[in-house]
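As they're listed, the protein sequences go chains P and F. Take the first sequence: its letters are residues 1 to 155, numbered as in this note's numbering. Take the second sequence: its letters are residues 156 to 433, numbered as in this note's numbering. Even glycine gets a Cβ: it sits at the ideal position worked out from N, Cα and C.
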Amino acid sequence: MIKKTLEPILVEHEFFKGLAKKHLDIIVGCAKNVRFEAGQFVFREGEDANEFFIVRSGKISLETFAPGRGAIIIQTINADDVLGWSWLFPPYKRHFDARALLQTRAISLDGACLRGKCEKDHDLGYELMKRFADIMVNRLQATRMQLLDVYGNSK
Amino acid sequence: MAGPVMEPMLPKSFLISAVRKETPDTFTFELAPANGGIAPYGPGQFNMLYVFGVGEIPISISGDPRKPQTLAHTTRAVGPVTKAMSRLGRGDSLGVRGPYGTQWPVAEAAGRDVVLVAGGIGLAPLRPAIYHIMANRDHYRNCVLLYGARTPQDILFRKDLAQWRASTDIEIHVTVDRGIPCWRENVGVITTLIPKAPFDKLNTVAMVCGPEVMMRFTVMELLQRGVPPQSIYMSMERNMKCGVGFCGHCQHGPTFICKNGPVFRYDLIEEWFAKREI
């Protein structure tokens, strides 16, 4: 039942556009709906990274905690964004906390399961890696711009 | 429509009628003429403001062009003149020359989507265009304001933003480069808002204002989204002195920012934009 409701959503999602039917079927088989209340952690820094998320609605902050400074929000993830890539790379550990800022609905994809499928089917692995590389490049560029502190007082 | 300035090098005396602190280092002056009236101005134009005994600087007009009784200028205290300006109060006088320069393409944008991208104090020069659009809302299709600031404390014109949001005539997305725990909106750079902003890439006019490096990345993202270069407008800034294209201080390739700008269509300056030797 879950697969039937999630398939059209995943097929239409920008991240999965262009994937072969056999690969989409694998991904749909690894997907489930999840919901987080405002303030609830999606994952915590240092935890095993065994899933990633397609955000359907709401907002999630990616943050870290610094003693004396509290939670520092690094980035927010909104509807249609993809959250989490640590499941792809050893040691498969979360680098940051992710917390729902608003009530958030998402599709969780079982990364541990997909890692195994990617090892067996390198075409699937390549397709996923291409898509995550695109996200990583965009986030790297955004982080570089953030480091420029473009609104800072240069005088 | 803004008319020609009759005495372009002669400042007129204005009195500060109100001062509003926008952020810890940014303030808005409302200015009323000591004698006579205020020359009509268009969205995007600027005045040369003269702090007597200190110096003169170009500052964009941030007020509503439909309310010509006072002039509004929003300034960040960063240099000697703006710091001196920040020490002035109600009743003090300033010299004003202007208005000068080109305007935001509010007429050309009629019948199209409008996306306004403002970074930091760049919201101030765009505010007259927003006032114009809101007053003539039925002339435009989707209107989107994307606004990026350094931190939540640096957000300008909070009252206006709340009013514009409440009106539902314009979709507003605000992001900050550095979040704080109580902040519930976006954290991330302004360019991250562009891919999902609701506008038709081929029937949009984009107006961009902010630090030049922010505008560079914004233009790249707009082009990536498919907005044609001739639909992108930006407000440029250089060392403007005379304001009327005499002195050459603000030369930018074959143009003078003060006279041919500050608002330029991107494709007309593309060749010189971001060239570090210029």
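7 Å Cβ cut-off: residues of chain F touching residue 76(P):
Neighbours of residue 76(P) across chain F, judged by C-beta separation under 7 Å: 341, 342 and 343.
What residue does the alpha helix (DSSP H) around residue 287(F) start on, and which one ends it?
Its alpha helix (DSSP H) spans residues 278–290.
For residue 302(F), does the count of other Cβ atoms within 10 angstroms reach 16, so buried, or fall short, so exposed?
Around the beta carbon of residue 302(F), 16 or more other beta carbons lie within 10 angstroms, which makes this residue buried.
Residue environment, residue 240(F), which counts as buried when at least 16 other CB atoms sit within 10 Å
The residue is buried, with at least 16 neighbouring Cβ atoms inside 10 Å.
May I ask you to list, following chain order, the residues of the region 58–75 of chain P that have a beta carbon less than 9 Å from some beta carbon of chain F?
Residues of the region 58–75 of chain P with a Cβ closer than 9 Å to any Cβ of chain F, in chain order: 59, 61, 62, 63, 70, 71, 72, 73, 74 and 75.
Among 423(F), 428(F), 416(F) and 431(F), whose alpha-carbon lies nearest the alpha-carbon of residue 123(F)?
No information on residue 123(F) is available, as it lies outside the stretch 156 to 433 that chain F covers here.
Would residue 145(P) pass as an interface residue toward chain F - the criterion being a Cβ-Cβ separation below 8 Å?
For residue 145(P), the answer is yes, since a Cβ of chain F falls inside 8 Å of its Cβ.
Quick check: is the beta carbon of residue 165(P) nearer than 8 Å to any beta carbon in chain F?
Absent from the structure is residue 165(P), since the part of chain P shown begins at 1 and ends at 155.
Would you call the CB atoms of residue 327(F) and residue 363(F) closer than 8 Å?
In this structure, residue 363(F) does not lie closer than 8 Å to residue 327(F) by Cβ.
Find the residues of chain F that neighbour residue 80(P), judging by a C-beta separation of less than 8 Å, and give them in chain order.
Residues of chain F passing the Cβ test: 351.
What residue from 395(F), 426(F), 401(F) and 390(F) has the CA that sits closest to residue 284(F)'s CA?
Nearest option by C-alpha distance: 390(F).
Ordered along the chain, which non-local residues of its own chain (more than five positions away) have a Cβ less than 6 Å from that of residue 282(F)?
So the qualifying residues of the chain are 217.
Would residue 236(F) count as contacting chain P if we go by Cβ distances under 8 Å?
So, not an interface residue.
Can you grab the Cα-Cα spacing for the pair residue 204(F) / residue 210(F), in whole Å?
Near 8 Å, if we compare the C-alpha coordinates of residue 210(F) and residue 204(F).
To the nearest angstrom, how far is the alpha carbon of residue 3(P) from that of residue 37(P)?
Because the pLDDT at residue 3(P) is just 48, under 50, the model does not fix this residue reliably, and the point stays unresolved.
What separation, rounded to the nearest whole angstrom, lies between the Cα atoms of residue 342(F) and residue 146(P)?
Approximately 10 Å between the Cα atoms of the pair.
CB contact below 8 Å: residue 140(P) versus chain C:
The chain inventory of the structure shown lacks chain C, comprising the protein chains P and F.
7 Å CB neighbourhood of residue 307(F) in its chain, flanking five on each side removed
The beta carbon of residue 307(F) sits closer than 7 Å to the beta carbons of 331, 335 and 338 from its chain, once the five residues preceding and following it are set aside; these are given in chain order.
Quick check on this structure: which residue in 304(F), 350(F) and 264(F) has the alpha carbon closest to the alpha carbon of residue 287(F)?
Looking only at 304(F), 350(F) and 264(F), the smallest Cα-Cα distance to residue 287(F) is reached by 264(F).
Report the three-state DSSP secondary structure of residue 386(F) (helix, strand or coil).
In the structure shown, the three-state DSSP call for residue 386(F) is helix.
How should residue 14(P) be labelled, buried or exposed, when 16 other C-beta atoms within 10 angstroms of its C-beta is the threshold for buried?
By the beta-carbon neighbour count (other beta carbons within 10 angstroms, threshold 16), residue 14(P) is exposed.
Contact set for residue 176(F): own chain, Cβ-Cβ below 7 Å, skip 5 residues either direction:
Only 182 meet the Cβ criterion.
Residues of its chain near residue 189(F), where Cβ-Cβ distance is below 7 Å and the 5 sequence neighbours each way are ignored
Closer than 7 Å at the Cβ level, and outside the excluded window around residue 189(F), lie 168, 169, 170 and 248.
For a test of the three-state rule: what should DSSP assign to residue 406(F), helix, strand or coil?
For residue 406(F), the three-state secondary structure derived from DSSP is strand.
Classify residue 357(F) as buried or exposed, calling it buried when 16 or more other Cβ atoms lie within 10 Å of its own Cβ.
Exposed.
Can you tell me whether residue 24(P) is helix, strand or coil according to DSSP?
Secondary structure at residue 24(P): helix, using DSSP grouped into helix, strand and coil.
What do you get for residue 432(F), buried or exposed, if any count of 16 or more other CB atoms within 10 angstroms of its CB means buried?
Around the C-beta of residue 432(F), fewer than 16 other C-beta atoms lie within 10 Å, and the residue is accordingly described as exposed.
Quick one: give me the first and last residue of the alpha helix (DSSP H) that residue 321(F) is part of.
Looking at the DSSP string, the run of the alpha helix (DSSP H) that includes residue 321(F) is 313–322.
Grab me the residues of residue 329(F)'s own chain with a C-beta within less than 6 Å of its C-beta, minus the 5 sequence neighbours each way, in chain order.
302 and 340, listed in sequence order.
Count the other C-beta atoms from every protein chain shown that fall within 10 angstroms of the C-beta of residue 94(P), then say buried if there are 16 or more, exposed otherwise.
So residue 94(P) counts as buried.
Give a yes or no on whether the C-beta atoms belonging to residue 193(F) and residue 223(F) are separated by under 8 Å.
Against a cut-off of 8 Å, the Cβ pair of residue 223(F) and residue 193(F) comes out as a contact.
Tell me which residue opens and which closes the alpha helix (DSSP H) that residue 358(F) is part of.
Taken as a continuous stretch (DSSP letters only), residue 358(F) belongs to no alpha helix (DSSP H), as it is neither H nor E.
Nearest to residue 420(F) (by Cα), restricted to the options 374(F), 234(F), 402(F) and 406(F):
Closest option to residue 420(F), Cα to Cα, is 374(F).
If distances are taken between C-alpha atoms only, which option among 70(P), 46(P) and 135(P) comes closest to residue 92(P)?
The shortest C-alpha to C-alpha distance from residue 92(P) to any of 70(P), 46(P) and 135(P) is the one to 46(P).
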